[in-house]
Amino acid sequence: GVVVLGRRAEGKASLIVRTSADLSKRVPAGQVIKELAPIIGGRGGGKPDMAEGGGPEPQKLAEALEASYAVVESLVTKNAAAA
Numbered sequence: 008g009v010v011v012l013g014r015r016a017e018g019k020a021s022l023i024v025r026t027s028a029d030l031s032k033r034v035p036a037g038q039v040i041k042e043l044a045p046i047i048g049g050r051g052g053g054k055p056d057m058a059e060g061g062g063p064e065p066q067k068l069a070e071a072l073e074a075s076y077a078v079v080e081s082l083v084t085k086n087a088a089a090a
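Below you can see the structure in the form of structure tokens.
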């Protein structure tokens with residue numbers, strides 16, 4: 008599975024993505040973060056199984072979390088075709 012968590016604190020937003028071992032090659036957490044973090048005005052990175060990111064636009068956190076569905080679906084579809 009893939010889990011995307013978001014948090015607002017001290018005027019900032021942060022995201023954590025965790026991907027299970029069986030999906031970490033098809034849906035690398037680092038790639039998911041790289042696509043979501045710009046929505047909250049920030050950056051992020053990490054490993055295939057876990058990644059973190061943050062940004063200064065906490066009002067856009069809900070938008071980033073909603074976008075995670077499309078990002079994960081896109082990676083699953085793209086990487087399934089490549090396999």
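In the numbering used here, the protein residues as written are 8 to 90.
Even for Gly, the Cβ is constructed at its ideal location relative to N, Cα and C.
For Arg15, which of Val83, Ala77, Lys67, Arg33 has the nearest alpha-carbon? Lys67
Locate the alpha helix (DSSP H) running through Lys19, then write down its first and last residues. It is not in any alpha helix (DSSP H) - Lys19 instead sits in the beta strand (DSSP E) that spans 19 to 26.
What did DSSP end up calling Val39 once you bin it into helix, strand or coil? helix
If you check the beta carbons only, do Leu22 and Leu82 fall under 9 Å apart? no
Might you give, ordered along the chain, the residues of its own chain that have their beta carbon closer than 7 Å to the beta carbon of Gly37, omitting 5 neighbours on each side? Gly52, Gly53, Lys54, Pro55, Ala58
Helix, strand or coil: which one does DSSP assign to Val78? helix
Of the residues Val10, Glu17, Val9, Val11, the one placed nearest Glu64, counting alpha carbons only: Glu17
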